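Those letters in the sequence shown? Residues 4 to 242, per the working numbering, in order.
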Amino acid sequence: MTGTMRRRLSNRYVFFALAAVAIVAGVAWALLESRFFVVRSVHVTGTHLVTGAEVRSAAAIPPGLPLIRVNSATVAHRVERIRQFQSARVSRNWPDGITIAVTERTPALAVRTGSGYQLVDRYGVAVESAAQRPPGLPLFQPAALPGSVPVSVPALRGSPAVYAAAVVLHELPRYLARSVVTVQAPSASVVTLKLARGITVVWGAPDRPAEKARELALLMRTHARTYNVSAPGTAVTGG
């Protein structure tokens with residue numbers, strides 16, 4: 004290879020290297036400094052209990068911030084501080100938008116308070132308030148207390164007993180779940196259901212729900228007042 008050809012190849016390499024650097028610099032400038040790819044809108048989906056304005060306020064994404072600089076994990080963490088939300092997912096919509104998709108908590112139980120009811124999810128988090136207990140949402144009691152006794156809602160957050168009660172309700176056959184009025188759970192392994200017409204079902208722990216449901220269906224043919232299916236295979240009735 005002659006010296007002239009080597010110089011031409013060297014010049015070509017230099018040209019392409021400079022062109023690549025220029026392209027990278029241009030892309031970086033477009034993403035970080037230009038006004039083309041900046042936040043102009045924040046779209047919120049999945050909300051029913053909280054307004055989109057409240058979510059945008061919690062997200063705290065300043066208009067005009069370059070999209071590339073939006074930290075999705077940090078924004079999601081801010082939004083998840085809203086107690087009605089179980090999770091949030093943040094995504095960029097190029098060239099100028101952000102979408103925040105939230106999953107709201109679902110009430111599983113009603114808790115009697117001094118001024119009405121707090122509706123809590125399976126983790127014991129208060130989702131919303133109500134003057135009356137919503138139809139189909141059983142009253143939760145941590146122990147065998149009169150239904151008029153208020154319960155400390157903050158103390159229920161993260162409660163294994165609340166979680167167990169919610170799981171039991173979720174696993175119940177629909178025909179049975181519809182008739183549950185009160186759920187008592189002094190612990191996660193001692194869940195008792197109070198049904199309409201004064202019937203009591205001692206369910207025990209949330210495990211083996213299918214076996215317990217089958218045995219209960221058979222036992223209820225006896226028209227007793229109390230059924231204990233906490234230990235499948237040795238279920239008993241009373242009253």
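Where a beta carbon is used, it is the ideal one built from N, C-alpha and C, also for glycine. Since this is a predicted model, take the numbers as computed values, not measurements.
For residue i, the three-state DSSP class (helix, strand or coil)
i, result
"Leu-196", "strand"
"Val-165", "helix"
"Glu-83", "coil"
"Thr-185", "strand"
"Val-205", "strand"
"Pro-69", "strand"
"Val-24", "In this prediction, Val-24 has a pLDDT of 46, which is less than 50 and means its spatial position is unreliable; nothing more can be read from the coordinates."
"Gly-236", "coil"
"Gly-241", "strand"
"Ser-155", "coil"
"Gly-49", "coil"
"Leu-222", "helix"
"Ala-133", "strand"
"Arg-92", "strand"
"Val-41", "strand"
Cα-Cα separation, residue i to residue j
i, j, result
"Lys-215", "Pro-235", "6 Å"
"Gly-127", "Tyr-166", "7 Å"
"Ala-104", "His-173", "25 Å"
"Phe-143", "Ser-44", "42 Å"
"His-80", "Val-130", "18 Å"
"Gly-100", "Val-58", "15 Å"
"Ile-202", "Leu-219", "12 Å"
"Pro-98", "Val-41", "7 Å"
"Pro-110", "Phe-88", "11 Å"
Limits of the beta strand (DSSP E) - the one that residue i falls within
i, result
"Arg-115", "112-116"
"Tyr-120", "119-123"
"Gly-100", "100-107"
"Leu-142", "142-144"
"Tyr-230", "229-231"
CB contact check: residue i to chain B, cutoff 8 Å
i, result
"Ala-220", "The structure shown contains no chain B; it holds only a single protein chain."
Exposure of residue i, with buried meaning 16 or more beta-carbon neighbours within 10 Å
i, result
"Leu-68", "exposed"
"Val-239", "exposed"
"Gly-139", "exposed"
"Pro-137", "exposed"
"Leu-175", "buried"
"Val-27", "Caution is warranted here: a pLDDT of 43 is assigned to Val-27, below 50, making its placement in the model unreliable, and no coordinate value can be reported."
"Ser-60", "exposed"
"Leu-221", "exposed"
Extent of the continuous alpha helix (DSSP H) to which residue i belongs
i, result
"Tyr-178", "177-180"
### Message
Between the segment 49-56 and the segment 69-80, can you find at least three pairs of beta-carbon atoms closer than 8 Å?
### Response
Output reads no: the segment 49-56 does not touch the segment 69-80.
### Query
Three or more beta-carbon pairs under 8 Å between the segment 150-167 and the segment 114-123, yes or no?
The segment 150-167 is in contact with the segment 114-123.
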